[in-house]
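Following: one structure in structure tokens, then a few remarks.
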Amino acid sequence: MTIAVLAQSLLALDNVWLALGLKLGLIVVFFLTAPLAVGYMEHKVMAHMQDRLGPMEAGLGPIKHGVGQLVADGVKFIQKEDIIPTAADKWVFSWAPAVSLVPVLVILVVVPFGPGVWAENLDAGIFFALAVSSVGVLGILMAAWSSANKYSLMGGIRAAAQLIAYELPLVLAAAAVVLQAGTLSLVGIVEAQNEFRLLGAIPVPYAVPHVIGFGMFYVAALAELSRPPFDMPIADSEIIFGHMTEYSGLRYAFFMLSEYAGMVVLSALATVLFLGGWYPWPGVPLPDGALGALLGFGVTMGKIIALTFVMVWLRATFPRLREDQLQRMSWLILIPLALLNIVVVAVAKVML
Amino acid sequence: MRPTLPKIGLLKGLGVTLKTMMSPSTTSQYPHVKPDLPPRTRGVIALMEENCTVCMLCARECPDWCIYIDSHKDTIPPKKEGGRARTRNQLDRFAIDFALCMYCGICVEVCPFDALFWSPEFEYSTYSIRELTHEKEQLRVWMDTVPAPPQLEVGAEIPPEISDGLEAARKAAEAEAQRLLAASQPAAGGDGAPAGGKAAAGTAADDDIHVEAQVDQETFDKLVAEGKSERVARAKAKAAYVRKEKARIRRERAGSESPPAGGDQGERAGG
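In order, the protein sequences belong to chains A and B.
Take 7 as the starting number for the first sequence in the working numbering and just add one per residue.
Take 1176 as the starting number for the second sequence in the working numbering and just add one per residue.
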């Protein structure tokens, strides 16, 4: 009897707790698998861009070509000794990876992956996502300060300066989109984008009118993630590995996971804000029901993979910027441009 | 200081990496795919023990002193009655310590009796440094992996290492054929066997016609008239002479072969 009721409510998802548990479970599964896929892509794409083959041996069953490399890496990380330096602040040190990892997981709650495929449709979705993403900085600062290592500290200071500098263009570029869409809800933004017609006639995603904003958002996202060419906080030729210098084993793996999950999450946000979310193109409808949800999920994932591919591509191409170049680029180019962008969008919104 | 704006070079860089990604990688998957090594690769040194006379030149020239040779003298009794007994060096131990060897190849160069060779075999690393001292049995094993030297240029003469082997193989095959023939036709009659033997010998002799090279004046003049340099013309004329001479001898032999088949019988009949 109870099983039948349970199955009924599972199908209808009318039991709040069941639905919540299921959604969170799916999000955790996504959170643990998508970064692996992105990491594998990074291994392979970077290898081929450098005329190598990348991992070729570890495989999952009969599929070789290094598909199982990151799984093997994970197993290795679990087996490794978890070292906490004697001089370290033990509590802060051991909690720092969690503080940088959990915000990324939490953002996934509000990201819509398809029609109806989201855990929660917050009215202030983009605000929530950006606010939570800046909590991750705390994790980095905690790791840097508690390690009792000068390289870690230098990396942490660099990270703080960089993340503050690039938080602004990121938020301002998103604000312009919010202005255009007239809603803070991520689902609302996707729908508004679907309705959007450039000059009242041409259906295009926001990336076209917001081409500057899209570029700024993307560059700022790279800097937020400390991805090359903006990886001064962990510049391994200068300060060993920044805030991660003293970490080993599973805690280190959590930092790496948060970087790759961050790539997925910020690419997902860029997809929602600028590339039209789950719609293949604005104005192209998806079929109703489960098929539409699946198709929409596929479209979103395709866009996310494309954006993460470009992140890897940029990493393989450009050398690291200098610290002062990084700061100058943010404060003298991106932020003024972002403010100008908002003004232009606001004027255009009222005039057109 | 004014910030410099990004220029087209950024896109060019992206193009380079994308193009590299699309082009196939040159990595070879070594343990799965063996490398295609040239025949002169310095992988390991092999010893042809039969050729070694224990002259010790290799051991003395070795800059690392990594070749160990032990030998003793055998006394060979005189061949003729009342002759003098001879002595002969007998190799007891020949070892190369590949942990010391620096693969300079001086031993191979210096060996006057063609006893040392380079082999491209290179997968002999071990967990123990002692196993890197290869004794003569192991060096003999490497000998089987020594490839035949390549032709120095297209159309060059077959190197003696190969032609000697071919010669030996041909002689062995011939002897085998003779033996089989003799075994199959002992009762068939006296004239079958010698005729067969002669035919085999005739085709065999074809290969080792030796002609002293001379300048073929006619060809030489023609080539010089064509504007070839004198050196080239002389070389080609010599080759042409040798070809012509060989063809002539072959024709002669073939000619003397078929009538002689009758002539032989004639002789025999006459006798």
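The C-beta atom is built at its ideal place from N, Cα and C for all residues, glycine as well.
Closest by C-alpha distance to residue i, when choosing among the options
i, options, result
"ASP88 of chain A", "A:TYR212, A:GLU252 and A:PHE324", "A:GLU252"
"PRO1287 of chain B", "B:VAL1407, B:LEU1222 and B:TYR1243", "B:LEU1222"
"LEU147 of chain A", "A:SER140, A:ILE132, A:PHE133 and A:ALA166", "A:ALA166"
"ASP1319 of chain B", "B:THR1195, B:ILE1220, B:SER1203 and B:ILE1424", "B:ILE1220"
"VAL305 of chain A", "A:TRP97, A:LEU292, A:LEU38 and A:PHE315", "A:LEU292"
"GLY268 of chain A", "A:PRO239, A:MET250 and A:ALA229", "A:ALA229"
"GLN1204 of chain B", "A:VAL225, A:LEU59 and A:THR39", "A:LEU59"
"PRO103 of chain A", "A:LEU297, A:LEU263 and A:LEU345", "A:LEU263"
"LYS96 of chain A", "A:GLY67, A:ASP330, A:SER152 and A:LEU24", "A:SER152"
"LEU169 of chain A", "A:SER140, A:ALA182 and A:GLN331", "A:SER140"
"VAL81 of chain A", "A:LEU192, A:TYR258 and A:SER243", "A:TYR258"
"LEU1314 of chain B", "B:SER1359, B:ILE1244 and B:THR1250", "B:ILE1244"
"CYS1279 of chain B", "B:GLU1236, B:GLY1402, B:GLY1258 and B:ALA1270", "B:GLU1236"
"MET160 of chain A", "A:ILE246, A:VAL112, A:GLN186 and A:PRO209", "A:ILE246"
"LYS29 of chain A", "A:VAL356, A:VAL112, A:VAL138 and A:LEU76", "A:VAL112"
"VAL1283 of chain B", "B:LEU1327, B:MET1231, B:LYS1403 and B:GLY1330", "B:MET1231"
"TRP23 of chain A", "A:ALA125, A:VAL51, A:PRO109 and A:VAL117", "A:ALA125"
"GLU1310 of chain B", "B:CYS1241, B:GLY1430 and B:LYS1187", "B:CYS1241"
"TRP1293 of chain B", "B:ALA1412, B:LEU1212, B:ILE1183 and B:ALA1408", "B:LEU1212"
"VAL1285 of chain B", "B:GLY1340, B:PRO1253, B:VAL1229 and B:GLU1298", "B:VAL1229"
"PRO41 of chain A", "A:GLY298, A:ALA354, A:ALA299 and A:PHE260", "A:PHE260"
"PHE231 of chain A", "A:PRO109, A:LEU256 and A:PRO286", "Here the sequence assigns Leu to residue 231 of chain A, which means Phe is not the residue at that position. Selected option, being the one with the closest Cα: A:PRO109."
"PRO209 of chain A", "A:VAL138, A:GLY289, A:VAL193 and A:VAL183", "A:GLY289"
"LEU243 of chain A", "A:GLU201, A:GLN186, A:LEU327 and A:VAL217", "Correcting the residue identity first, residue 243 of chain A is Ser in this sequence and not Leu. If we check each option's Cα against that of SER243 of chain A, A:LEU327 comes out closest."
"GLY1330 of chain B", "B:THR1216, B:ALA1414, B:ASP1289 and B:LYS1182", "B:ALA1414"
"THR1202 of chain B", "A:PRO61, A:ALA241, A:THR39 and A:GLY31", "A:PRO61"
"VAL51 of chain A", "B:PRO1210, B:CYS1233 and B:SER1198", "B:SER1198"
Buried versus exposed, by CB contacts within 10 Å (16 or more), residue i
i, result
"GLY1365 of chain B", "Low local confidence applies: a pLDDT of 46 at GLY1365 of chain B is under 50, so the model's placement there is unreliable, and no value is given."
"ASN155 of chain A", "buried"
"GLY302 of chain A", "buried"
"ASP294 of chain A", "exposed"
"MET335 of chain A", "buried"
"GLU63 of chain A", "exposed"
"GLY219 of chain A", "buried"
"HIS1247 of chain B", "exposed"
"GLN1265 of chain B", "exposed"
"ASP129 of chain A", "exposed"
"ALA172 of chain A", "Per the sequence presented here, residue 172 of chain A reads as Tyr, with Ala not at that position. So TYR172 of chain A counts as buried."
"HIS1207 of chain B", "exposed"
"GLU48 of chain A", "buried"
"SER158 of chain A", "buried"
"ASP237 of chain A", "buried"
"ARG321 of chain A", "buried"
"LEU76 of chain A", "buried"
"MET55 of chain A", "buried"
"MET250 of chain A", "buried"
"LEU313 of chain A", "buried"
"PHE1297 of chain B", "exposed"
"GLU1427 of chain B", "exposed"
"LYS355 of chain A", "exposed"
"GLU265 of chain A", "buried"
Presumed contact (8 Å Cβ cut-off) between residue i and residue j, rounded CB distance
i, j, result
"GLN150 of chain A", "GLY142 of chain A", "The sequence given here places Ala at residue 150 of chain A; Gln does not occur at that position. At roughly 13 Å, the Cβ-Cβ gap does not stay under 8 Å, so ALA150 of chain A and GLY142 of chain A are not in contact."
"GLY1218 of chain B", "PRO1295 of chain B", "4 Å"
"PRO211 of chain A", "LEU281 of chain A", "5 Å"
"PRO234 of chain A", "PHE324 of chain A", "7 Å"
"ALA1274 of chain B", "ILE1304 of chain B", "5 Å"
"LEU190 of chain A", "ILE132 of chain A", "5 Å"
"GLY188 of chain A", "ALA198 of chain A", "7 Å"
"ALA135 of chain A", "ILE348 of chain A", "19 Å between Cβ atoms; not a contact."
"PHE37 of chain A", "GLY255 of chain A", "About 20 Å separates the two Cβ atoms, so there is no contact after all."
"VAL196 of chain A", "TRP284 of chain A", "7 Å"
For residue i, the residue or residues it bridges with in DSSP
i, result
"ASP1272 of chain B", "B:THR1308"
"VAL123 of chain A", "A:GLY120"
"GLN1265 of chain B", "B:HIS1247"
"TRP97 of chain A", "DSSP lists no partner for TRP97 of chain A."
"PHE1292 of chain B", "B:ALA1221"
"LEU204 of chain A", "A:ILE208"
"LEU66 of chain A", "A:ILE69"
Go through the segment 1204-1251 of chain B residue by residue and report every complete run of the alpha helix (DSSP H) that reaches 4 residues or more, in order. Counting whole runs of 4 or more residues, the segment 1204-1251 of chain B contains the alpha helix (DSSP H) stretches 1232-1236.
Any chance you could list the alpha helix (DSSP H) runs of at least 4 consecutive residues sitting entirely within the segment 256-328 of chain A, in chain order? If we require 4 residues or more, the alpha helix (DSSP H) runs fully inside the segment 256-328 of chain A come out as 295-323.
Extract the residue ranges of the alpha helix (DSSP H) inside the segment 156-226 of chain A, only unbroken runs of 4 or more that lie entirely within it. DSSP runs (the alpha helix (DSSP H)) wholly in the segment 156-226 of chain A: 156-187 and 192-201.
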